[in-house]
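Report on the structure given below.
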Amino acid sequence: MKTATDTALRHVSALRRIGISILMLAGLLIGGTAQAVITGTTGVNFNLTAKEGYVSMGDGATIYMWGYALNGGPAQLPGPTLIVNEGDVVTVTLTNDLAEAVSITFPGQADVVTTGADSQGYLAGEAAASGGEVTYTFTASNPGTYQYHSGSNVALQIEMGLAGALVVRPNAMNQAYDSPSTAFHQEYLFFLQEMDPHIHTAVEAGETPDLTNRQAQYWMINGRSGPDTFFADGVPWLPNQPYGAMARTHPNEKVLMRVVGAGLDLHPFHTHGQNFRVIARDGRMRETIPGLSGADAGISDFTLTVAPGQTYDAIWSWEGKNLGWDIFGHAPGDPCEASAEECDPASPYYDHGKPIPVTLPEQQFLTFGGFWSGSPFLGQEGALPPGEGGLNLDGGFFYMWHSHAEEELCNYDIFPGGMMTMMIVEAPGVPIP
Ligand SMILES: [Cu+2]
150 MKTATDTALR HVSALRRIGI SILMLAGLLI GGTAQAVITG TTGVNFNLTA KEGYVSMGDG
210 ATIYMWGYAL NGGPAQLPGP TLIVNEGDVV TVTLTNDLAE AVSITFPGQA DVVTTGADSQ
270 GYLAGEAAAS GGEVTYTFTA SNPGTYQYHS GSNVALQIEM GLAGALVVRP NAMNQAYDSP
330 STAFHQEYLF FLQEMDPHIH TAVEAGETPD LTNRQAQYWM INGRSGPDTF FADGVPWLPN
390 QPYGAMARTH PNEKVLMRVV GAGLDLHPFH THGQNFRVIA RDGRMRETIP GLSGADAGIS
450 DFTLTVAPGQ TYDAIWSWEG KNLGWDIFGH APGDPCEASA EECDPASPYY DHGKPIPVTL
510 PEQQFLTFGG FWSGSPFLGQ EGALPPGEGG LNLDGGFFYM WHSHAEEELC NYDIFPGGMM
570 TMMIVEAPGV PIP
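Under this note's numbering, read the sequence shown as residues 150 to 582, first letter to last.
Right, here's the structure in full:
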């Protein structure tokens, strides 16, 4: 049965729809401001406040939520991404502006010392309702990708949005861990959450929500549901959801995916374009010989099944294989930058030095490999609307990265939306800031 709340939540005016498609284009164009390094807050002392806020979903719904705020700012979904360095002594002070006790747990961090706690026997020392304060201190001993979340009334408080990411950087630049085998050119956060808006509506109305009947209707990457995932970080119309999720790279570069399962449901996160290789799980590198072998024990896969509470680090790299032409634009005799098989003239995958135009690749490679439309660039050639500068100006290859649970590609049953973003493989030489 559809209630008035359903109708209100699903209401999207025609104007809003038009606005969204225009903004989608704008988002693609301003994609040039996307971060090649994860956006977050660095340091060793962090002041977080648990407070109320409102988030906007990709279909226009506005939903009441609880989130962690940074330095008195707005409540955020997800909470502020805390970025620290290996060995740092980290202090997080939590102030509670909510009407029930709140806490933070730091899975994967040892010996967290709590001061000022009003613990009622929950998982972590709590900040009391309406103004309570508690401080957590720990040493970030192990590099990796982690999450933090409320340890109080977790079935409700995680649903309401009280969770965030913690990144511990190793003592080496542009690596996920201390081993050079974890080196990357770009890194992106994929913080996976889902939301049942009826629970939020009940909490906002001061009612007791029915958590036993929970059924998610929105699915988010970095706090946003598609197509809002495409927008750049910090766009002014999403003040409580400051983190975008659009990823960019160049052919043959390494992309570090920091994937966090932060909700209460499991999500299968699927990369198109090429397999990724898992290098770590739960902040621990997958190595056969600790300290010696590097991240050699990860598997290559195209869907990462992320359970609640888990984190994964994976490296994704697109080699431009099987296009039938050389993505690197080499002349004969140039050094080959791609994979071994693509650089081997005897290999059926040899593309090195092949010029444009080309003979079409085999159908199987068109299906599973890169998109080919008669030119090496996406889209068709033809007249664009007046004032339109052109689509895909950089000539990138777009791959959808998304949840492979089809329902999660919707905003309240309307496709497309939800846990969906894009990876853009930019042409060699196009700057990625
Ligand atoms: Cu797909």
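Think of the CB as a built atom: it goes at the ideal place given N, C-alpha and C, for glycine as much as any other residue.
- The alpha carbon of Pro223 has as its nearest neighbour, out of Gly566, His551, Pro388, the alpha carbon of Pro388.
- The stretch 280-295 makes contact with the stretch 432-439, as at least three CB pairs between them are under 8 Å.
- Boundaries for Met395: no alpha helix (DSSP H) harbours it, and the DSSP string shows neither H nor E there.
- In the structure shown, Thr437 falls within a coil segment according to DSSP collapsed to helix, strand and coil.
- Residue environment: Phe564 is assigned as exposed (fewer than 16 neighbouring CB atoms within 10 Å of its CB, all protein chains considered).
- Comparing alpha-carbon positions, the option among Ser328, Thr286, Val352 lying closest to Val262 turns out to be Thr286.
- For the pair Gly257 and Thr284, the CB atoms are not nearer than the 9 Å cut-off.
- Between Met571 and Phe379, the gap from beta carbon to beta carbon is short of 9 Å.
- Counting C-beta pairs with one atom in each stretch, the stretch 458-474 and the stretch 414-431 have three or more that are closer than 8 Å, which means they touch.
- Linking Thr190 to Tyr326 through their CA atoms gives a straight-line distance of about 19 Å.
- For His551, there is no enclosing alpha helix (DSSP H); the residue is found in the beta strand (DSSP E) stretching over 546-552.
- Judged by beta-carbon spacing, Tyr367 lies beyond the 9 Å limit of Ile232, meaning their Cβ atoms are not closer than that value.
- The stretch 200-219 makes contact with the stretch 369-376; the number of CB pairs closer than 8 Å reaches 3 or more.
- A Cβ-Cβ distance of about 6 Å is found for the pair Glu308 and Leu413, placing them in contact under the 8 Å criterion.
- Distance from the C-beta of Met549 to the nearest heavy atom of ligand 1 is below 8 Å.
- Relative to ligand 1, the beta carbon of His349 is positioned no closer than 8 Å to any heavy atom.
- The Cβ atoms of Phe477 and Val404 lie no closer than 9 Å to each other.
- Taking C-alpha positions only, Asp493 is separated from Tyr499 by approximately 6 Å.
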